[in-house]
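Student: Numbering follows full-length UniProt numbering, in which position 348 of the sequence shown is assigned residue number 348; successive positions increment by one, without gaps. Quick one: the structure is below, questions incoming.
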Amino acid sequence: MSWLHLMILVPFISALFVPFIYNRFTPKLHIGWIMLLVPLSIFVYLFQFISDISNGFSYLETVPWLPAYDINFTTYIDGLSLVFGLLIAGIGSLVILYSIYYLSKEREALHNFYIYLLLFMGAMLGLVFSDNIYVLYVFWEITSISSFLLIAYWYERERSRYGAQKSMLITIFGGLAMLAGLIMLSLMADTNSIREMVNHASIIFEQSLFIPALILILLGAFTKSAQFPFSIWLPDAMEAPTPISAYLHSATMVKAGIYLVARLTPVFGGSAEWFWIVSSVGLITLLYGSVNAVRQTDLKALLAYSTISQLGLIMCLLGLGSVALFFGQASESAVYAVAIFAAIFHLVNHSTFKGCLFMVIGIIDHETGTRDIRHLGGLMGLMPVSFTLTIIGSFAMAGLPPFNGFLSKEMFFTAVLNASEMTEFKIGWFGAILPFLAWIASVFTFIYCMVLVFRTFRGKVRPGRLDKKVQEAPAGMLISPIILAAFVIIIFFIPNVFAHYLFIPASLGVLPSFAGTGNLDIRISAWHSWLTPELWMTIGVIVLGTLLYLTLRRWVRLYFLYPQVITFNNLYDFGIAITQDVSRWITNRYMTGFIRDYLVYIFTFLVIIVGGGFWLFNGFSFDSSQDAPITFYEVGIVLGMVATALTVLFSNSRLTSIIAVGGLGFLIAFFFVLFQAPDLALTQLVVETITTALFLLCFYHLPKLRKEISRVPFKIGNAIVALAGGAVFTLVALSANGHRVFDSISGYYKDSFPLAGAKNMVNAILVDFRGVDTMLEILVLTIAGMGVYTLIKLRLAGGDKNEGTE
1 MSWLHLMILV PFISALFVPF IYNRFTPKLH IGWIMLLVPL SIFVYLFQFI
51 SDISNGFSYL ETVPWLPAYD INFTTYIDGL SLVFGLLIAG IGSLVILYSI
101 YYLSKEREAL HNFYIYLLLF MGAMLGLVFS DNIYVLYVFW EITSISSFLL
151 IAYWYERERS RYGAQKSMLI TIFGGLAMLA GLIMLSLMAD TNSIREMVNH
201 ASIIFEQSLF IPALILILLG AFTKSAQFPF SIWLPDAMEA PTPISAYLHS
251 ATMVKAGIYL VARLTPVFGG SAEWFWIVSS VGLITLLYGS VNAVRQTDLK
301 ALLAYSTISQ LGLIMCLLGL GSVALFFGQA SESAVYAVAI FAAIFHLVNH
351 STFKGCLFMV IGIIDHETGT RDIRHLGGLM GLMPVSFTLT IIGSFAMAGL
401 PPFNGFLSKE MFFTAVLNAS EMTEFKIGWF GAILPFLAWI ASVFTFIYCM
451 VLVFRTFRGK VRPGRLDKKV QEAPAGMLIS PIILAAFVII IFFIPNVFAH
501 YLFIPASLGV LPSFAGTGNL DIRISAWHSW LTPELWMTIG VIVLGTLLYL
551 TLRRWVRLYF LYPQVITFNN LYDFGIAITQ DVSRWITNRY MTGFIRDYLV
601 YIFTFLVIIV GGGFWLFNGF SFDSSQDAPI TFYEVGIVLG MVATALTVLF
651 SNSRLTSIIA VGGLGFLIAF FFVLFQAPDL ALTQLVVETI TTALFLLCFY
701 HLPKLRKEIS RVPFKIGNAI VALAGGAVFT LVALSANGHR VFDSISGYYK
751 DSFPLAGAKN MVNAILVDFR GVDTMLEILV LTIAGMGVYT LIKLRLAGGD
801 KNEGTE
């Protein structure tokens, strides 16, 4: 096992030790300080790969898992996985540092928090570094499960449970769809390796399963990355503590779908279907998120919709950039490859400014006791550091200089303008309106960023609406957002350093055909000239955005004109309610409380599946040529057994039923005599005689009943099921007996029992071949007898005590 595999497993291993560390150190030390070492060490380990990866190297390590099925734990580091790995470990370190001051060790179950967080961290690392699609899927679903636990961390709150369930149902649905798509992809490529699939992309493109696999895989990516219309789970997931929101919903979990689309773009990119679905869904999500963010009054809800919007922007860029694969290594491809570079660039930028903003919102909630914008205002003088951090994060998200979001937003405008001039894929009217829609979304992004800053920090303080006396957060809680805010500014001033070491290598992971061509040698500049349309689009965003923000109170009522009944949230709630009602109705119909009904279900199912399967595949066939002849005596004994069994069922007398049961046992002993097994016959006769005598003895001491046995009403349905079950399994047994694949095992026993020193085969089977089994049966009977004896003694002792008391 390599160091890379160990890096992925470290969070899982650490999670196992959290309970022991928590019990040992919690009274003296916040457990977060120890857990901080895990992501920090991973970040330091990954940091050493930056130089080699930027020079075109990649690393591949394999540990066999299920080699017969081509499922191995293969890890792969290239520019794309390295960027995601650094974000997972880097943001994870800052989140844990932030949580040390945000979550109280006296009031919170911190061991649960860090177990869930480490499980999620390990799953994300495994996801981005896995080359095998099935291993990737395993980690994919672990992220869904661990995020469910994280969102439901405050499980005593109804909204937390609701949000966790909603996120899990939607993402698990997408994950199952994705699994079907991955299976199709594996069949088309005849490999489970993503790297090899990229090499076989031309073969995959020609397969009939190409479109179904594409759609199913994108379903998984869209649900995980909160793309429209599956984005409804993300706002409800904000019920989780702020450290969780900052980690899952800004830098990691929601980026998993982005990673999957980026990683599989070399396989599906270049096709019209991939371009249209990815770019259009991304653009719709961008508009949906930005428009809905403006109307929010809860700060975390505002950030949730802004995250949806930004994820849509990145997804749209990946779709637009996939056109570059259509041109291959032609010079035209470099024009569209800018979109892929911009997607990677904005992904990193979004992680920095959105992580900073989530933490600041958490600070505001922590220090004021509310996130409701209507109750906030005037915090600028009371919380100057938080105000400064909010300015940096919000202005970066709005795409204003001198912050990193300005650079990637300008590249987004460049990408949509390039796409508008494209003639491939019959883009037509979509190309004409694409820049306008992107510009409108940017206007709304500017508005909600201004709402976040000025409605929270300007105006008058309203102490009567706040639960606490407002003050600036402790220094420890400010460290993490300050570091992220610093990166927001640093990236703006030295973007090409990050581009050389991170963004270009990551873009080559999405566009591997560009490696060595020089077509992706992109230089980032904050200023081009006054004549660039991107600059005038930005100026237009600022002018119109400012005007709309200043008049917000006049037109925000337009949101209320939309009927809330037909929202996707209500559709989800209605679907869940209908599902629960139908499930309850069905359950109440078959859960009757009677064992006989459950047996009817079981045997009916077996008759249909087994009998139907044998009938469909012509399994019922008989060969009696090797069977022994049936004698007159055997037929007579069988008829006698049937008669005694029916007597037990239909007799009105207990005594008659007991005698019939004994008679059935004696008839079985006669069968053993006919089959020349006198020892078995003698054993059967002795056991049957003793049990019948004991039965009669117990019957003698039973209390008299007014009506000895109540007649059970005859039900034709039960009779049909019983007869069908017996007939099917009799036919199955006869079919199996007539078509033996192997020789009977009786020959082995016949030849080997003399070697065991036994007198006959039965003794050898019971003592030698089944010796341990027989011993365990005796042990079970002994334990049962001891239990019965103990209960009788306790009952007698309890009775004596009660009598003495009375």
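Backbone N, C-alpha and C define an ideal beta-carbon position, used for all residues, glycine too.
Excluding the 5 residues flanking Gly804 on each side, which residues of the same chain have their C-beta closer than 7 Å to its C-beta?
Tutor: Below a pLDDT of 50, predicted positions are generally treated as unreliable, and Gly804, at 42, falls in that range; the measurement from the model is reported next regardless. Within the same chain, Gly804 has no close Cβ partners at all.
Student: Taking the C-alpha atoms as reference points, what is the distance between Val281 and Lys166?
Tutor: 21 Å
Student: With DSSP as the reference, label Ile71 as helix, strand or coil.
Tutor: strand
Student: Classify Ala475: buried if its beta carbon has 16 or more other beta carbons within 10 angstroms, exposed otherwise.
Tutor: exposed
Student: Determine the DSSP secondary structure at Asn802, reduced to helix, strand or coil.
Tutor: Here the model assigns Asn802 a pLDDT of 48, short of 50, so the residue's position is not dependable and the matter cannot be decided.
Student: Would you mind stating whether Arg465 and Arg589 have Cβ atoms separated by less than 9 Å?
Tutor: Using a Cβ distance threshold of 9 Å, Arg465 and Arg589 do not count as a contacting pair.
Student: Between the alpha carbons of Asp521 and Leu150, how many angstroms are there, rounded?
Tutor: 41 Å
Student: Which residues in the same chain as Asn802 place their Cβ atom closer than 6 Å to its Cβ, once the five residues preceding and following it in sequence are excluded?
Tutor: Residue placement at Asn802 cannot be trusted, given a pLDDT of 48 that sits under 50; the coordinates are not used to answer.
Student: Take Thr143 and list the residues in its own chain whose beta-carbon comes closer than 7 Å to its own, dropping the five residues that flank it on each side.
Tutor: Hits under 7 Å: Phe120, Ala123, Met124, Leu127, Met253, Ala256.
Student: Do you know how far the Cα of Met411 is from the Cα of Tyr448?
Tutor: 21 Å
Student: Please work out which residues of its chain come closer than 8 Å, Cβ to Cβ, to Ser735, disregarding the five sequence neighbours upstream and downstream, and give them in chain order.
Tutor: Phe614, Gly619, Phe620, Ser621, Phe622
Student: Using a Cβ-Cβ cut-off of 6 Å (strictly less than) and excluding sequence neighbours within five positions of Thr647, which residues of its own chain qualify?
Tutor: Ala660
Student: Whole angstroms are fine: how far does the CA of Val582 sit from the CA of Leu347?
Tutor: 43 Å
Student: Should Cys316 go down as buried or exposed, given a rule of 16 or more other Cβ atoms within 10 Å for buried?
Tutor: By the neighbour-count rule (16 or more Cβ atoms within 10 Å), Cys316 is buried.
Student: For Ile96, which residues in the same chain have their Cβ closer than 6 Å to its Cβ, ignoring the five residues on either side in sequence?
Tutor: Gly32, Met35, Leu36
Student: Is it a yes or a no for the segment 370 to 390 touching the segment 418 to 437, going by three-plus beta-carbon pairs under 8 Å?
Tutor: no
Student: Quick check: Pro235 and Ala152, are their CB atoms within less than 9 Å of each other?
Tutor: no
Student: Would you give the residue range spanned by the beta strand (DSSP E) that Tyr59 belongs to?
Tutor: 59 to 66
Student: Within 10 angstroms of the Cβ of Tyr789, are there 16 or more other Cβ atoms? Answer buried if so, exposed if not.
Tutor: Its Cβ having fewer than 16 others within 10 Å, Tyr789 is exposed.
Student: Tell me where the alpha helix (DSSP H) around Tyr448 begins and ends.
Tutor: 428 to 457
Student: Please state whether DSSP places Ile77 in a helix, a strand or coil.
Tutor: strand
Student: Put Asn192 into one of helix, strand or coil per three-state DSSP.
Tutor: Coil at Asn192, not helix or strand.
Student: Distance check for Val556 and Leu548, CA to CA, integer angstroms please.
Tutor: 10 Å
Student: Closer than 8 Å by C-beta to Ala402: which residues in its own chain qualify, once you throw out the five before and the five after it? Chain order, please.
Tutor: Note on residue identity: the sequence assigns Pro, not Ala, to residue 402. The answer, listed in chain order, is Ile489, Phe492, Phe493, Ala526.
Student: Distance check for Ser231 and Leu287, CA to CA, integer angstroms please.
Tutor: Cα to Cα, the separation comes out at about 12 Å.
Student: How about Tyr134 and Asn55: are their beta carbons less than 9 Å apart?
Tutor: no
Student: Work out the CA separation of Tyr305 and Asn292 for me, nearest whole Å.
Tutor: 7 Å
Student: Could you tell me how far apart the beta carbons of Ile100 and Ala15 are, in whole angstroms, since I believe they sit closer than 8 Å?
Tutor: So it is not a contact: roughly 18 Å between Cβ atoms.
Student: For Lys468, count neighbouring Cβ atoms within 10 angstroms of its own Cβ and tell me buried if that reaches 16, exposed if not.
Tutor: It is exposed - the Cβ of Lys468 has fewer than 16 other Cβ atoms within 10 Å.
Student: Would DSSP call residue 810 helix, strand or coil?
Tutor: Missing from the structure shown is residue 810; the chain here goes from 1 to 806 and no further.
Student: Please state the DSSP three-state secondary structure of Asn55.
Tutor: coil
Student: Measuring straight from C-alpha to C-alpha, what distance separates Phe675 and Ala681?
Tutor: 9 Å
Student: Looking only at C-alpha atoms, which of Gly92, Lys354, Leu94, Gly181 sits nearest to Ile211?
Tutor: Distance check between Ile211 and each of Gly92, Lys354, Leu94, Gly181 places Gly181 closest, using alpha-carbon atoms only.
Student: Report back the beta-carbon spacing between Leu606 and Gly725 to the nearest angstrom; my notes put them in contact at under 8 Å.
Tutor: 7 Å
Student: If Val63 and Phe73 are in contact, beta carbons under 8 Å, what's the gap, nearest whole angstrom?
Tutor: 4 Å
Student: Excluding sequence positions up to five away, which residues of its chain have a Cβ less than 7 Å from the Cβ of Gln684?
Tutor: Excluding sequence neighbours, Gln684 sits near Gly665, Ile668, Ala669, Phe672.
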